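There are 2 protein chains.
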Amino acid sequence: MRRMTARPENTHQARLLRLLRDNGSNSRAQLGDLVDLSRSKLAVEVDRLLETGLVVADGLAPSRGGRRSHNIRLAPTLRFLGVDIGATSIDVAVTNAELEVLGHLNHPMDVREGPVAVFEQVLSMAAKLRASGLAEGFDGAGIGVPGPVRFPEGVPVAPPIMPGWDGFPVREALSQELGCPVMVDNDVNLMAMGEQHAGVARSVGDFLCVKIGTGIGCGIVVGGEVYRGTTGSAGDIGHIQVEPEGRACACGNRGCLEAHFSGAALARDAEQAAREGRSAYLAARLETAERLTAESVSAAAAAGDPVALELIREGGKRLGQVIAGLVSFFNPGLVVIGGGVTGLGHTLLASVRTQVYRQSLPLATGNLPIVLGELGPAAGAIGAARLISDHVFSPA
Amino acid sequence: MRRMTARPENTHQARLLRLLRDNGSNSRAQLGDLVDLSRSKLAVEVDRLLETGLVVADGLAPSRGGRRSHNIRLAPTLRFLGVDIGATSIDVAVTNAELEVLGHLNHPMDVREGPVAVFEQVLSMAAKLRASGLAEGFDGAGIGVPGPVRFPEGVPVAPPIMPGWDGFPVREALSQELGCPVMVDNDVNLMAMGEQHAGVARSVGDFLCVKIGTGIGCGIVVGGEVYRGTTGSAGDIGHIQVEPEGRACACGNRGCLEAHFSGAALARDAEQAAREGRSAYLAARLETAERLTAESVSAAAAAGDPVALELIREGGKRLGQVIAGLVSFFNPGLVVIGGGVTGLGHTLLASVRTQVYRQSLPLATGNLPIVLGELGPAAGAIGAARLISDHVFSPA
DNA sequence: CCTTCTTTCTCCACACACAGGACAAAGTCT
DNA sequence: AGACTTTGTCCTGTGTGTGGAGAAAGAAGG
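Chains as they are written, first to last, in this note's numbering: chain A, 1 to 396; chain B, 1001 to 1396.
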């Protein structure tokens, strides 16, 4: 079970590994140009990496007018596990060293069932993926949880929506079970890393990634690095006030963003509209289902239901209010919107954009794209794999 | 006039220079411990710095039980110029290499008179300081302007309160005139750097520095470095909405923070209260002066005028609303409040604190000090000196 | 006054990292 | 077959940095 993955011996090797991860296979010559090292020095480091087995040379590339080059690539047997624990479901993915998703499982589950039950589920999903032949073992695992994390220790702290997890040694426990290095982070941060690695945020240094799920959170990337704040709670925008005397929120205050717009708030509003007979479509859905969800609203909007559309527009306006403030403050180069309710899609986006462009300073919005995430439900798991690969591909 | 200041040849020398700047004089042995270099290597670098004249060895330190050490310190003739251009006044300071203020001048002037007039004033103030024997020439100058700056080029961009400065090559022009390296930044960022170097924010990695002057801005420090955003407008929080259908703002929107609370808004409110006869104190002040200012309100509050106190409390509440949102989002380790109206002092602070502690998440506010800046009007100039010293003390 | 112990600073030999050129290998193109 | 290209290896020179052996300068104690 335990698998001793080699680690790079120095920063050069670490850089090479990350380069191979992000750009795929390469010849020695190309690598030399990219890292700005002499061919001789580079050859030495590559040879050492070959010895440790972290990279392999498989076959020759077609000639480009001279001697054919060897393909240097990361060991094809390397496997990372990406785990994204949401409020109501768990995503687990297996990736290769290039962070391509080889297999992906999703399982509905409430985080509030506590760390023990959730862990059991995660491990069984990991085992299933392994049993299907996708991996013999894992060289690292990243895991995201829906709440603030003390990052260096990998421990959730005072998570509002997941009581019972407070102080649970997630990193320690998972590392023990899987026999490999583990890193823990907030799910929103991982989504940001996912979009940065393989999604819309490639090549953007400073950006925000707003995730709308049961609650609302925001990943902050500064200079290519996730910013986590002093106590790990940065990006917790769900309880920013949008209406001085607005709706009562579970947190005890009034007018919080989450009270006015989030997956949960949207479902509540939809149910109310259905009961009050304002929307025939939603009322019909409520007949068949026990409860309405954000997805119900998506479906209704897609079917052209005016009440659903209005709910989304109104929500987008609220969200836009907050994002407008953040854009003025943070002046990002990109705003990504993602999470479970991306089904709300362009209606939501249009509403947010209108609000932001109207309310933020021209200098900050001048060249500011506001877009939907392009990785969908896999974003978190990919980000998790990215997180642990950054760790594994750094000097021991 | 032109003064060729030597520059460090490598990062070791740069680190040594900054260490000497921040910690004052030191022996070679102490330096060796601090930089984690062998004594031999260190001796070489120090000798080279001595040759270039950037540092000097003056005298022997008292023995600590063995051979007495040489005092290594930055050249006592080094001089930095710190310039802080506010909306309505100019501050100019001369510092030594340790960034201690040797002389300081202040002159009221409206930025809107344009770059040419302001420059003339700045140069004459610098000349006056030099004439008084504080400096023979300058080894670098930092300058802050009240608006967004394209930092790498040192050029203001689309500054709302200082039209006429847009695109003016501040860095280029000042460097030409003074014959030394120049760096330009937003005044708020400089205040943050000042408080970080010599004020309340020493040893805090991530913090916010809110400056209340004619407008309102916020310096953002991430991992000890000022964050400027994609287009240099980060921290521009004056136009975040605090009241959906609030007061009309000069920017064209409604309910902006600056419309409800800032030096200018405060003065306006005070005048109105005076005219409506709600405050005898303020009315009396309006008799003698042409117009009321934020300082008038400070004085009234100090004298116990209830209307002034209420204005400040109300303003603090507005400011607190915005800061509460920023604290949730950014999760800083400290919030500093400064600027011209620090005279409002603890009344304002109390009001802000109440609002923030009530409205932000406990995890973010748990151990969050909210304090007044301790450098007063010199903060900007010190920050400016710090900015340019960081530049001069880095490899060419 | 002399000895011993400390601290500071200097000098020197050695290890290591890295660059850059020469050269061999393996191609393509004419 | 010969000229030219690209890739990869080998070797040597150079500059960076470490660590140890002292020398210098002083304190404390007998």
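Every residue gets a Cβ at the ideal spot worked out from N, C-alpha and C, and that includes glycine. All values derive from a computational prediction rather than experimental measurement.
Against chain B, the CB of A/C218 has a partner CB under 8 Å away; the residue lies at that interface. At a cut-off of 8 Å between beta-carbon atoms, B/T1005 makes no contact with chain A. B/D1033 is classed as exposed because its beta carbon has fewer than 16 other beta carbons within 10 Å across all chains shown. Per DSSP, A/L54 lies in no beta strand (DSSP E) and is assigned neither H nor E. Here the C-alpha atom of B/G1304 lies approximately 19 Å from the C-alpha atom of B/E1276.
Interface residue (Cβ-Cβ distance to chain B less than 8 Å): A/P332 is classified as such.
With 16 or more other Cβ atoms inside 10 Å of its own Cβ, B/G1315 counts as buried. The DSSP assignment places 257-260 as complete runs of the alpha helix (DSSP H) inside the stretch 205-260 of chain A, in order along the chain (cut-off: 4 residues). Taking the Cα of A/R2 as reference, the smallest distance to any Cα among A/G140, A/E98, A/G205 and A/F119 is reached at A/G140. Around the C-beta of B/E1258, 16 or more other C-beta atoms lie within 10 Å, and the residue is accordingly described as buried. Using beta-carbon distances, A/D84 does not count as an interface residue toward chain B, since no partner is under 8 Å.
Secondary-structure assignment with DSSP links B/A1141 through a beta bridge to B/L1081 and B/V1182.
The three-state secondary structure of A/N189, taken from DSSP, is helix. Secondary-structure assignment with DSSP links B/R1150 through a beta bridge to B/V1155. Burial state of A/G340 is buried, judged by a 10 Å Cβ sphere holding 16 or more other Cβ atoms. Comparing C-alpha distances from A/I90 to each of A/T77, A/L78, A/Q176 and A/V111 shows the shortest one belongs to A/V111. At least one CB atom of chain B sits nearer than 8 Å to the CB of A/F329. The Cβ atoms of A/E45 and A/L78 lie no closer than 8 Å to each other. Exclusion of the five residues before and after A/G333 leaves V204, D206 and F207 as the residues of its chain whose Cβ lies within less than 6 Å of its Cβ. For B/H1197, the closest of B/L1099, B/R1254, B/F1138 and B/A1127 by C-alpha to C-alpha distance is B/L1099. Rounded to the nearest whole angstrom, the C-alpha separation of B/A1274 and B/A1300 is 11 Å.
Between B/D1185 and B/V1149, the C-beta spacing is below 8 Å. At a cut-off of 8 Å between beta-carbon atoms, B/T1230 makes contact with chain A. Not flagged as an interface residue toward chain B: A/S38, since no C-beta distance is shorter than 8 Å. According to DSSP, residue pairing for B/A1093 in a beta bridge involves B/G1082 and B/H1104. Taking 9 Å as the cut-off between beta carbons, the residues of the stretch 221-246 of chain A near chain B are V222, G223, E225, Y227, R228, G229, T230, T231, G232, S233, A234, G235, D236, I237, G238, H239, I240, Q241, V242, E243 and P244, in sequence order. When DSSP states are grouped into helix, strand and coil, A/G66 belongs to the coil group. Between the stretch 219-235 of chain A and the stretch 1306-1321 of chain B there are fewer than three inter-stretch CB-CB distances shorter than 8 Å, so the stretches are not counted as touching.
With contacts defined by Cβ atoms closer than 8 Å, A/I143 and A/I85 form a contacting pair. Between the alpha carbons of B/N1026 and B/A1057 lies a distance of about 10 Å. Contact of A/P148 with chain B is assigned, a C-beta pair being separated by under 8 Å. Sequence-distant partners of B/A1264 (beyond 5 residues in either direction) whose C-beta falls short of 7 Å from its own C-beta, in its chain, are T1214.
Taking B/V1182 as the centre and dropping the five residues before and after it, the same chain places the C-beta of A1141, R1171, L1174 and S1175 closer than 6 Å to its C-beta, in chain order. According to the DSSP secondary-structure assignment, B/G1316 is paired through a beta bridge with no residue. Between A/S262 and A/I212, the C-beta spacing is below 8 Å. A Cβ-Cβ separation of about 14 Å leaves A/D166 out of contact with B/L1361 under the 8 Å criterion.
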